[in-house]
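*Asks:* Got a structure for you, written out below as structure tokens; questions coming shortly.
Chains as they are written, first to last, in the numbering used here: chain W, 76 to 841; chain D, 1140 to 1606.
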């Protein structure tokens, strides 16, 4: 239909012999091969026809006004601010060069609109459609003014000089300037169409939509807008009031964007997906952020239309690679997982969540609806949810790394592992296993409050295990570490260098004595203290389990809110922080924002032995009287965020590790975790380690196999009388913490140093 | 709303062929290609504190590609089925193939196979509306409220699909439904608590009221617990109570959580069972089979490389008799035949039984009947946080939770505080006096195991919790 109209209009121009004398026509003809080149000419022609028709009928639009006999509004010279401004501008700036430049700007009127329309059509069909509607709407609104109240431009009655007319005559017909200026003068075919200014309206729309398409376009489009607006005044074509009316008219039109119905939105979604750059972006490597921006808009608008109180959207792209060597057998796998999770709150009382790995706009819409349906169901039997405030954040964050682990070839990793496991080949060794883990998580977060956060996290991990078989059964030695960082970890760990020691120790353990049963002072290695913190402090301070939301699986907690600020959780040597900031170190619990857009923070859980804080979320913080979450909502990929440990770390003490050993007359050193178990409220625990040593008179004695210890959490931490200092403090990564239903896996960080505990129940595990 | 509204129009097989064509197009230079397409959708109504606060709908599909050339192999997996992502995944695999070391166990891919048909897909599970399911949850919450308790738990349903094909002409597919209802009712920060759960393949098997009533009944009984002195007790273990414990039957921590009942690890000496073939490892009245065709079992009837699974006896009347095997083991060792228990290749871990069925002799009873046979001992309704302490005897530690009851003369006398145990799993299986009907394993590890409840002697408790 629009195409047909376009053909008729062109024929009509042709009939009057003005088609080819009209330079715009030439512009359109020149554009056709370009569209053919772009490869979508049919669709291009179909979708751009209404636009072309609009521009070609521009003159007709305005021509109506001149043929009417209504008295035009003519401003009298010397009256009003508008006049004053023009006069001032013309007298202050008048120069032939500026006139040329301004004429160019003025003449940009149509080329700009055409150019930007093509750009928008090509990159984002939804924006293109809105642009078109806005142009049409403001043109027709203006037509009403032109028809009912024609108004004359300033030069018409001598209020100002018509610099445009003189310029176009003066420059002649040789330059681009002149051609553009000529087009500019052609446009003003009717003189009584000054109010409102379409020059102003079009250029503002141009500017708005190009910036909407890409923020950096503002660098070009804003100067152009200012130039065009200034040119209309300078050239004596418009009063300020005309410009204001034009701009105001456009802003009003913007408002109707939100009134678009669901069916229209779905149509827009399909349109957008047909855009070439959209498709290219989905396929591009570094696209998570821009795709997230695109998809989040649809999600958040859908949620708003359906009256969600709050909504957030996350797009998460995870690429992970595991390279393994077990005995002689290699295996590698790279996994790429992209998906979106959508969380909505309905009527302030019902939460719903849905996720999907089909990340197209239509499905995001459907997934948002799924979340809403679940939220409505929950709202029926829910009570009012509290949700503490968080500032709006708009930020990008890339975690530090020296060597991108995913850029290191699989072959290099295999060589390293073969080297390390090869050095473990000994009589009596039954299993040699090495693994390297490389992960990159890109996540885009946006919520209905306006936060827009993109994070790009790189994590690297490695483990080496050797198992020996001998008189005491199978004995294991291992090392493992996981960090927020790059492949430089592998240089630091030096797996091949450690392999022979681990092998020797595993073989020695098969001959070693068992651990005695009874009570003893124990010194735990840093990694074991880290796990002890994880299990007996990290879990019980998760506020969701404290409040009963995890009672069916993860369990509850002995650290109930009535204990907050009162319970002597441990001795004065025990201070435990919850710290997700980079300042704490490169832990698996380090990030800039959590998965509900709360900034990373550092807070004490235990200060000098006293229990003082929880791991919280925006939905739970108010239940312990807090006004802000400390940012502990984390999700396994794009799944539902739940309260998780960040880096929960024991602060270093002031003992040199060597001095700590020297200070211990009789005890057991236990090193490297083997088994761990704790009750659902996190009271009764039992751990056993791979290796141990007797400590006699301040020095390490013979090796013992399978040392274990058990206790009740607060009694145990109150028995802590020494923590080693910063020199032996390590931020350990725990990659496999399970929680939630269906279960999610999360990496957490635990800084710890070797520590001593007095009079602990010990036993021999193997 | 129900899960069905998002079911794909095209079948997974159609989609599988489409993506396989793409993989072939991009996998230049690879001699052999295998593609496995999996799809999982789930609807989970999760509730806590008498609120339905974490309802989730989840949907994911993955394509896993294995390429092989010479004796080199590489695997990449992608969650995106767009052509550009598949291209990226294949190119990555091709790239890995260049630098991968030779796999000494590499075998050419398996050709077309015949699989016995099993029907594991139940439309009703998919069609059940979220409203109906929310109704079951609502009933549990109402019941808890009336009794001044807090309900928490999850009612989940899921559909799993697998489609595998390779350049040697193999095609295998699977589609199945499943679900579970797990419920805790508690009060006084969990000092009073009761637990119940039920699993299903077809949701019409679920009796949600019975689950609610069992949890309520146990919660009512389980308050103001007294302490018992730790030590050896005769116990009745509810069939749903020990899922996690049984996982350690087939996996050891000593070699980094790797499976034990496979030929390769047995012969390499990595298994805790190595060298014990023919030995009595369990009691006379226990037989352990791997049987994917059992009516209560779940999962596909083919293994990680598409080989048909066969029924396999691992332990016969207490004697270690068989091990899970594969084409690789049959190729490595002359006296071994494949049983269809390979994991996705390349697999350096070794084979694993995937569908264990624990069979007890001497007829089956209900949990209540087993309690009736207990002169003095404990009823354990849920065991928690189980870890291996020692691999050879399979000594495990863990806790009781959500209801531990002292039984005297066949009757529940009173609740007791939670206890920690250190117990050899092998010894436990030598001390069983009675079994219930089997139920599906519900451990977080996702082991497809069928397990009975038991009455057993001398279960070793080592300490007590303050609650």
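No residue lacks a Cβ here, since even glycine has one placed at the ideal position from N, Cα and C.
Remember, predicted model here, so these are calculated numbers, not experimental data.
Can you tell me which of the three DSSP states residue 805 of chain W falls into?
*Replies:* strand
*Asks:* Going by C-alpha distance, which of W:206, W:175 and W:176 is nearest residue 190 of chain W?
*Replies:* W:206
*Asks:* Quick check: the Cα distance between residue 661 of chain W and residue 602 of chain W, rounded to an integer number of angstroms?
*Replies:* 16 Å
*Asks:* Using a Cβ-Cβ cut-off of 8 Å, state whether residue 626 of chain W counts as contacting chain D.
*Replies:* Yes, residue 626 of chain W counts as interfacial toward chain D.
*Asks:* Return the Cβ separation of residue 788 of chain W and residue 758 of chain W in integer angstroms, given the expectation that the two are a contact with Cβ distance under 8 Å.
*Replies:* 5 Å
*Asks:* Name the two residues that bound the continuous alpha helix (DSSP H) containing residue 1280 of chain D.
*Replies:* 1269 to 1285
*Asks:* What residues in its chain sit with their C-beta under 7 Å from that of residue 548 of chain W, if we drop five residues either side in the sequence?
*Replies:* 841
*Asks:* Is it buried or exposed for residue 1325 of chain D, if we count other Cβ within 10 angstroms and need 16 for buried?
*Replies:* buried
*Asks:* What is the DSSP secondary structure of residue 473 of chain W, counted as helix, strand or coil?
*Replies:* strand
*Asks:* Specify, as a first and last residue, the run of the beta strand (DSSP E) that residue 1541 of chain D falls within.
*Replies:* Where residue 1541 of chain D is concerned, there is no enclosing beta strand (DSSP E), given that its DSSP letter is neither H nor E.
*Asks:* Who are the Cβ neighbours of residue 1152 of chain D in its own chain at under 7 Å, not counting the five residues just before and after it?
*Replies:* Result list for residue 1152 of chain D: 1302 and 1312, in chain order.
*Asks:* Distance check for residue 1506 of chain D and residue 1362 of chain D, CA to CA, integer angstroms please.
*Replies:* Straight across, the Cα-Cα distance linking residue 1362 of chain D with residue 1506 of chain D is about 21 Å.
*Asks:* Let me confirm a value: residue 830 of chain W is counted as buried when at least 16 other C-beta atoms fall within 10 Å, else exposed. Which label applies?
*Replies:* Residue burial annotation: residue 830 of chain W is buried, with at least 16 other C-beta atoms found within 10 angstroms of its C-beta.
*Asks:* Taking its Cβ as the centre, do 16 or more other Cβ atoms sit within 10 Å of residue 168 of chain W, making it buried, or is it exposed?
*Replies:* exposed
*Asks:* Within the segment 445 to 505 of chain W, note down every full beta strand (DSSP E) run reaching 3 residues or more, in order along the chain.
*Replies:* 469 to 473
*Asks:* Here's the rule I'm using: 16 or more other beta-carbon atoms within 10 Å means buried, otherwise exposed. How should residue 274 of chain W be labelled?
*Replies:* Residue environment analysis places residue 274 of chain W among the buried positions, since at least 16 neighbouring C-beta atoms fall within 10 angstroms of its C-beta.
*Asks:* Around the C-beta of residue 708 of chain W, are 16 or more other C-beta atoms found within 10 angstroms, so that it is buried, or is it exposed?
*Replies:* buried
*Asks:* If you draw a straight line from the C-alpha of residue 361 of chain W to the C-alpha of residue 1181 of chain D, how long is it?
*Replies:* For residue 361 of chain W, the predicted structure reports a pLDDT of 48, less than 50, and the residue's modelled location is therefore unreliable. A value from the coordinates is still provided. One C-alpha to the other measures close to 30 Å.
*Asks:* Using Cβ-Cβ distances below 7 Å, what residues of the segment 1477 to 1488 of chain D are close to chain W?
*Replies:* 1485, 1486, 1487 and 1488
*Asks:* With a CB to CB cut of under 6 Å and the five nearest residues on each side skipped, what residues in its chain are close to residue 542 of chain W?
*Replies:* 505, 506, 549 and 551
*Asks:* Just checking: is the beta-carbon of residue 842 of chain W within a distance shorter than 8 Å of some beta-carbon in chain D?
*Replies:* One cannot answer for residue 842 of chain W here, as it falls past the ends of chain W, which runs 76 to 841.
*Asks:* Spell out the partners DSSP gives residue 36 of chain W in its beta bridges.
*Replies:* With chain W represented from 76 up to 841, any question about residue 36 of chain W goes unanswered, as that position is not in the structure.
*Asks:* Report all residues from its chain with a CB closer than 6 Å to the CB of residue 1377 of chain D; omit the five preceding and five following residues, and keep chain order.
*Replies:* Closer than 6 Å at the Cβ level, and outside the excluded window around residue 1377 of chain D, lie 1506, 1520 and 1592.
*Asks:* Smallest Cα separation from residue 1349 of chain D: which of D:1360, D:1365, D:1268 and D:1337?
*Replies:* Considering only alpha carbons, the answer is D:1337.
*Asks:* Could you tell me the alpha carbon to alpha carbon distance between residue 522 of chain W and residue 703 of chain W, rounded to whole angstroms?
*Replies:* 17 Å
*Asks:* So if I threshold CB-CB distances at 8 Å, which residues from the segment 480 to 512 of chain W count as touching chain D?
*Replies:* 484, 485, 486, 487, 489, 493, 505, 506 and 508
*Asks:* So with CB distances below 9 Å, who are the chain W contacts of residue 1196 of chain D?
*Replies:* 427, 428, 429, 430, 431, 442, 445, 446, 448 and 449
*Asks:* By the criterion of Cβ-Cβ separation under 7 Å, what are the contact partners of residue 1235 of chain D in chain W?
*Replies:* 407 and 485
*Asks:* Would residue 756 of chain W pass as an interface residue toward chain D - the criterion being a Cβ-Cβ separation below 8 Å?
*Replies:* By the rule that beta-carbons nearer than 8 Å mark a contact, residue 756 of chain W touches chain D.
*Asks:* Answer yes if the segment 630 to 647 of chain W comes into contact with the segment 767 to 786 of chain W, meaning at least three C-beta pairs across the two stretches below 8 Å, and no otherwise.
*Replies:* no
*Asks:* Would you kindly work out how many angstroms separate the C-alpha atoms of residue 514 of chain W and residue 731 of chain W, rounded to a whole number?
*Replies:* 35 Å
*Asks:* DSSP on residue 1401 of chain D, reduced to helix/strand/coil?
*Replies:* strand
*Asks:* Helix or strand or just coil, what does DSSP make of residue 1561 of chain D?
*Replies:* strand
*Asks:* Cβ of residue 635 of chain W less than 8 Å from any chain D Cβ?
*Replies:* yes
*Asks:* In chain D, what lies closer than 9 Å to residue 767 of chain W by C-beta?
*Replies:* Those do not exist, as residue 767 of chain W stays about 14 Å from chain D at its closest Cβ, beyond 9 Å.
*Asks:* Which word fits residue 1286 of chain D, buried or exposed, when buried means at least 16 other C-beta atoms lie within 10 angstroms of its C-beta?
*Replies:* exposed
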